[in-house]
Amino acid sequence: MSPENYLKQINEASRVIGKTWPLYSFVTSNPLSGYEASGFAEALQEAEKLLGANVFPEASLYRQAWNNGDIDRNILKQELEARRISESPELCLQLFDSEDLQEEENEFQELDRIMAKWMGSFMDEGMAEWPMPNRELGFYKAWRKLAKYDDDFKVDKNSKIPETSEEAISIVLKGLSEEDLLKTFIHHLAALPGWTGYINYRIASGSFWQEKYPISLQDYLGVRLWLAKLLKLPVIPIEKRSGKDNRITRIQLCWLRAWEKSWQQKLIGSLQESASNQENSEKKLPDAQMVFCIDTRSELIRRHVEASGNYETFGYAGFFGIAMDYVGVKDGLARKSCPPIVNSAYKVSEIPQAQKEESMQKLQKDNQVFAFSSYFLKRMKHMLPSAFGYVEGTGILYAASLLARTLTPGFLYKEKKKNENLHEHFCETDLQRIYSDTELSEIELQEKVTIVKGGFDMMGWKDFSPLVIFTGHGSHTANNAFGSSLDCGACAASPGRNNARMLAKLANMKEVREVLRTEHDIKIPENTVFVGAEHNTTTDEIVLFDSQVPESHQELLTELKKDLEKAQITATRDRLKFEGDGKALAERKANNWSDTRPEWGLAKNAGFIVGPRSLTEKTNLDSRCFLHSYDWKQDAEGKALETIMQGPMVVTQWINNHYYFSSVDNETFGGGNKITHNITGRFGVVQGNGGDLKMGLPLQSLRQTDTEMYHQPLRLSVMINAPVARISEILSRNENLKMLLDNEWIYLLAMDPLQGNKVKRYKKNMNWEEVMDNELIVSKKPESKVLELVDPA
C-alpha cells in the first residue's frame, strides 16, 4: 500500500482521539470531538470499546443525585417506560452496583511504558537539562539512531531498523486489508490517547516546538508497531467481547436523560417565573455598566455587583471580540488571547502613556534583571554540578519561604498583588494587524469601529452610563499545574484583562465614536468613559485599570470601587459557603501551595442562557449557567444570534463535555489525583513516574472528596430567548449546529417572546415540541420548592 493510503487511514483513525492541550494553555475541549458526527450514545459505545473507558456516571453518582432529589421520579419513569424498561429506580441502582467494571489486563502495558518514556524525552519543551539528541530529524529518525542504546528491548544486530516510518509500517502490517489497517491504527493510537492527543495539538497549533522538532502520528505508529513486533506482541488487535450488559447501558442512558431533564425543568420554571414578573416600566440609567465574560463564575459576581448599587451587567465572550496575541510586558513573549479555533488577526503590545516613557524604560530594565536572576537560580538548582551545593546552601532560605507560604498565605498574596498591576499605571495597549509572520501594520479606522460595534450588536446595547467597565477574568493559585485551566477559555487559557483594556481604549477614541454615530446610529454620550478591568475568580476581587480616567469621573469611580469591594465580600461568603470573612479565606486559598481546591473553575456548568439580563437577574443560578446578553428586538436579521450560536454555543458545549468526561472517567479523560502529579516537559502531567499524559481536569476540580460529587455530569442545555422561527432559520443554514443537536450533544430550548415566552424544545430534524403549561406541576416535595416538568416523550 502506498504512503498516501497509510496517511488516509491514519487520519481516519485519529478521530478517536481529541487534542491534549498543554499546561500553559490548558483549554477544555470535547475529548470525543471526532465523534460529533455520530449520535451521543453511539460515540459513548465506541469510546467505551476502544479506550476501555467508563462513559456514564458511576453508580455512586447516580445514587447521590437520586438521594438529593436531583432526578425527578416521574421523568425517570417516563424515560424507562419509553424504552420498555420495567425495573424500578431502586432496582436500577442495585443493577448499577452489581455491574462488573473491573479493568481488563493490558497486554500492551510494557509497550505503553516504553512509548511514554520516548515520547516524554522527544517532546520535552525545555525542562530537561540534557535534551534528547537528533530531535531536529523528527521523532522516528531520532528514535532510530538511539534505539540500540535502550535496555528495555534488544535490537537484533542482523535486523536493521527501517529507515522511515512508512517502511516500518509497511513491513509490520504487510498484506492487511484497509479495514484491518484502520482497526490496527485506531487500536494503537487509542492506547495512549493523552500522548497521541498532544501530537494532534502540536500539529494543529504549528508551535515553535513542532517546527523545530517535528513529530507525526505516522512517526509515532512507525515506532510503536516496530516495537510491538520486536517484543512479540499481537500487532493486530484481537476483538474482545464486552462484558457489559447492553440492557444496563440503556438504563444508564435513561437515568442520564432523566437527570438532565430534571435540571431543565427547574431552569424552565425559574425563567418563566422571571419572564412573567418582568417590569414594563423603564429603568433609570445605571451609575455604571459592567461587561463580564459569559463564564459560569461571572454569574455569581454579577448578582453581587448588582446588589451593591445601581449597576447593570452584561455577558459577552471574554476575548471581547478581538482576535489577538498579547505580548507580555515582563517577558516579551506573544501569547494567544482569543478562542483557539480563531486565527489571531492582531498583535497587542504595551506602549508608554503620554509623558510616562521613563517609567516604562525603568520597568523594562527591572524585568530584564528579574528574568536573568530567575534563569540563573533555576540553572543552579537543576544542573548536576551545582544542584547539591545550591540546595544545601539555600536550604534555610527555602525552609523560611515554605514556612511563610504555609502560615501566612493571605499576607503574601496581598504583597504579591501590589506589584502585579504596576505597568497598567503608565502603559497602554497598542493594536496592530498581523500582516505576516514577521510583519505588522497599522489597522484602519473601520476595523476599530467594527470591533467596537460588534460587541454592542451582540449584546443588544442601546444606552450608555457615564462609566462602562469591560471586565476580563483571570485566576490566582499557587502550586497548581492546571492553573491556566482557571483562566479565560475564550482567551486560550490566558487572562482576559488585556482584551478588556484594548476594547476600552478603542471605544474611547473620538474618531471611532463619530463613525458609530454617523454611520451606525450608535450614540455614545460624551461623558461616557470606558475602562478595562479584571475579575479574579479565585478571590472575586475586581481591579479597575483606571489610570487614564478623567478627573470628572473620579467621584463615580470611588463609589464604584467601594461597592465592588462590598460585592467581593458577599460573593466570597456566598461561593465558599462561609459565615466568617470569606474574602480573607479566598485570599488564603489563592496563595496556599497545599490547597488542592483553590477554586472550582467551571464545575457544575449545565446551562447556557442567551437573552436579556432581565430574564435571569432575579434568579440565583448557583454558577451553573453561561450567560450571554442578547436582545432579539435589536437583531432584526438574526446575525448576532447566529454568531453566538456558531461561536460561544459550540465552545460551551466543548467545555461542558470536557467536564462530563473528566467526571465519568477521571483516569482516562481527566487529570487523575493532584497529589501524585508530576510535570513532564513543562507541558503536561503524568501520574506518578510515567504513563499516559493526562488530558483532562484533575479529580479535585470535580469532587468535594474522592467519593462525593461536586460537578454533576450533565450535557449542556441551551436556552435562547428569541423567536423559534429565527432560530430555525439559523439552524437550516448551519449544518454543523443542526448536527450537534440532532446527535444529542446539546439540548436546545427556546423561550419565544412572540408567543408569550412559551418554551419549546428542539427535537430531531428541525422539529420542535411545546412545553405546555400543564406540564409544569408543583413538586410534591415542599421542602425543595421546585417545579417539575413531565416530559410527554
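For the sequence shown, my numbering assigns the number 3 to the initial residue and increments by one for each residue that follows.
Every residue, glycine too, gets a C-beta built ideally from N, C-alpha and C.
DSSP state of residue i mapped onto helix, strand, coil
i           : result
residue 488 : helix
residue 315 : strand
residue 94  : helix
residue 291 : strand
residue 785 : With a pLDDT of 34 at residue 785, under the threshold of 50, the modelled position of this residue cannot be trusted; read the value that follows with caution. Correct three-state label for residue 785: coil.
residue 476 : strand
residue 609 : strand
residue 256 : helix
residue 762 : strand
residue 805 : Residue 805 falls outside the range modelled here, since the chain spans only 3 to 795, and no answer is possible.
residue 668 : coil
residue 776 : Bear in mind that the predicted position of residue 776 carries a pLDDT of just 46, short of 50, making it unreliable; the figure below should be weighed with that in mind. Note: residue 776 maps to helix in three-state DSSP.
residue 797 : Look at the range of the chain in this structure, 3 to 795, and you will see that residue 797 is not part of it.
residue 345 : coil
residue 545 : strand
Beta carbon of residue i nearer than 8 Å to that of residue j
i           : j           : result
residue 721 : residue 611 : yes
residue 574 : residue 566 : no
residue 706 : residue 67  : no
residue 537 : residue 630 : no
residue 733 : residue 740 : yes
residue 196 : residue 708 : no
residue 221 : residue 122 : no
residue 63  : residue 229 : no
residue 299 : residue 625 : yes
residue 568 : residue 310 : yes
residue 305 : residue 622 : yes
residue 773 : residue 270 : yes
residue 322 : residue 472 : yes
residue 227 : residue 175 : yes
residue 127 : residue 214 : no
residue 712 : residue 591 : no
residue 436 : residue 348 : yes
residue 412 : residue 589 : yes
Rounded C-alpha distance that separates residue i from residue j
i           : j           : result
residue 71  : residue 181 : 47 Å
residue 248 : residue 261 : 20 Å
residue 553 : residue 512 : 18 Å
residue 701 : residue 593 : 20 Å
residue 531 : residue 614 : 23 Å
residue 528 : residue 518 : 13 Å
residue 48  : residue 56  : 11 Å
residue 431 : residue 294 : 20 Å
residue 652 : residue 163 : 45 Å
residue 54  : residue 188 : 13 Å
residue 577 : residue 302 : 8 Å
residue 469 : residue 524 : 17 Å
residue 533 : residue 502 : 8 Å
residue 583 : residue 571 : 7 Å
residue 161 : residue 658 : 50 Å
residue 329 : residue 337 : 6 Å
residue 12  : residue 132 : 32 Å
residue 404 : residue 662 : 36 Å
residue 402 : residue 395 : 13 Å
Of the residues the options, the one placed nearest residue i, counting alpha carbons only
i           : options            : result
residue 198 : 100, 746, 686, 723 : 686
residue 516 : 578, 452, 617      : 452
residue 30  : 580, 485, 523      : 485
residue 343 : 677, 682, 648      : 648
residue 508 : 601, 350, 628, 319 : 350
residue 726 : 634, 691, 680      : 634
residue 514 : 548, 446, 541      : 446
residue 546 : 422, 745, 666      : 422
residue 597 : 478, 437, 61       : 478
residue 151 : 120, 125, 172      : 120
residue 458 : 637, 111, 682, 729 : 637
residue 640 : 718, 735, 617      : 735
residue 467 : 628, 288, 560      : 288
residue 426 : 418, 352, 363      : 352
residue 434 : 488, 265, 689, 324 : 324
residue 729 : 655, 664, 717, 645 : 645
Is the segment 441-456 touching the segment 493-501 in the sense that three or more CB pairs, one from each, lie closer than 8 Å?
No, the segment 493-501 does not touch the segment 441-456.
With a cut-off of 8 Å, do at least 3 Cβ pairs link the segment 303-316 to the segment 285-292?
Enough Cβ pairs lie closer than 8 Å, so yes.
I'd like to know if the segment 655-675 and the segment 758-771 are in contact, where contact means that at least 3 CB-CB pairs between them fall below 8 Å.
No, the segment 655-675 does not touch the segment 758-771.
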